[in-house]
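Working notes, beginning with the structure itself.
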Amino acid sequence: MDQKYPPLSPLKTGVRGLCPRCGRGHLFSGFLTLRKECEVCGLDYAFADPADGPAFFVICFASVPTVLLAVWLAVAHHASIWAQIFVTGPFMILTCIPPLRPLKRWRVASQYFYKAEEGKLSRGDDAGEE
Ligand SMILES: [Zn+2]
């Protein structure tokens, strides 16, 4: 981490969508599109690669209540397919789309904070260099 920037909690900066280094610039230029760099401190966001992590978490958390709702509608109310489409469909969208953005912001901020990067193989002869 840079010396002139104190470490900032990934929860505080990530959930608010702020730069993980300075805490003032913004992470996104669109709904889920990362900026190239922080507009305040110039931190290059090329390190950020949350991949499908946010979608994975959303699927894990949203699928259980959605399936439970669909099964409850079918068993308790003998809901038609149209009722399932118009009740379970919007419920699924409401539980999936809103958490994506804060989860992606938190994951990017955590990558910066914990210096997470792709794994590298190190050979035995240069293991003591770092
Ligand atoms: Zn910044």
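Per my numbering, residue 122 is the first one in the sequence shown, and the count goes up by one each step. Heads up, the beta-carbon is just placed ideally off N, CA and C, and yes, glycines get one too.
Rounded distance between the beta-carbons of LEU221 and LEU175, thought under 8 Å: Per the sequence presented here, residue 175 reads as Pro, with Leu not at that position. Between PRO175 and LEU221 a beta carbon distance of about 5 Å is seen, short of the 8 Å cut, so the two are scored as contacting.
Quickly, what does DSSP pair GLU158 with across the bridge? List them, please. ASP165, per the DSSP bridge assignment.
So which of LEU139, GLY135, LEU132, GLY144 has the shortest CA-CA distance to LYS125? Cα-wise, what sits closest to LYS125 is GLY144.
Assuming the contact rule is C-beta atoms closer than 8 Å, ALA230 and THR134 should be a hit. Round their C-beta distance to whole Å, please. Yes, ALA230 and THR134 are in contact; Cβ-Cβ is about 5 Å, under 8 Å.
Classify HIS147 as helix, strand or coil using the three-state DSSP reduction. DSSP places HIS147 in strand when its eight states are reduced to three.
Confirm, please, whether the CB-CB distance from LEU215 to GLN205 is below 8 Å. No, the Cβ-Cβ distance between GLN205 and LEU215 is not below 8 Å.
Neighbour-count burial assignment, TYR233, 16 or more Cβ in a 10 Å radius: By the beta-carbon neighbour count (other beta carbons within 10 angstroms, threshold 16), TYR233 is buried.
Do PRO141 and PRO127 have their C-beta atoms closer together than 8 Å? No. Outside cutoff.
Would the C-beta of LEU164 count as close to ligand 1, meaning under 7 Å from any of its heavy atoms? Indeed, a heavy atom of ligand 1 lies less than 7 Å from the Cβ.
Tell me which residues share the same chain as THR209 and place their Cβ nearer than 8 Å to its Cβ, disregarding the 5 neighbours each side in the sequence. The residues are THR187, LEU190, ALA191, LEU194.
Measure from the alpha carbon of TYR235 to the alpha carbon of each residue in SER150, ALA169, GLU160, then state which is nearest. With distances taken between Cα atoms, TYR235 lies closest to ALA169.
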